[in-house]
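For the sequence shown, this note's numbering begins at 54 and goes up steadily by one.
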Amino acid sequence: MNQHACPKCNSQDIQKGVMGATVGQVYMYPDKNFQKTPSTISTEYCRNCGYILSFYVDTPENLG
Ligand SMILES: [Zn+2]
């Protein structure tokens, strides 16, 4: 299985992105500890159809 082919349209034009909001980036916080340093969230998405293949936090160690 090619992890970098879109499951929807089979395009291999997969790009990495970073989730953003209107103001700044979207961050992932640990469930019970909002004092910790959050992590940004990155994505991999298909440039052909827009399907998002994966989400991942950039620094999971920050989430404790
Ligand atoms: Zn696609």
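Ideal Cβ placement from N, Cα and C applies to all residues, glycine included.
This structure is a prediction, so every number in the text was calculated from the model and none was measured.
As the crow flies, the alpha-carbon of T90 is around 23 Å from that of E97. With respect to P83, L106 sits apart: the two C-beta atoms are not nearer than 8 Å.
DSSP places V71 in the uninterrupted beta strand (DSSP E) bounded by I67 to V71. In this structure, ligand 1 has no non-hydrogen atom nearer than 7 Å to the beta-carbon of Y82.
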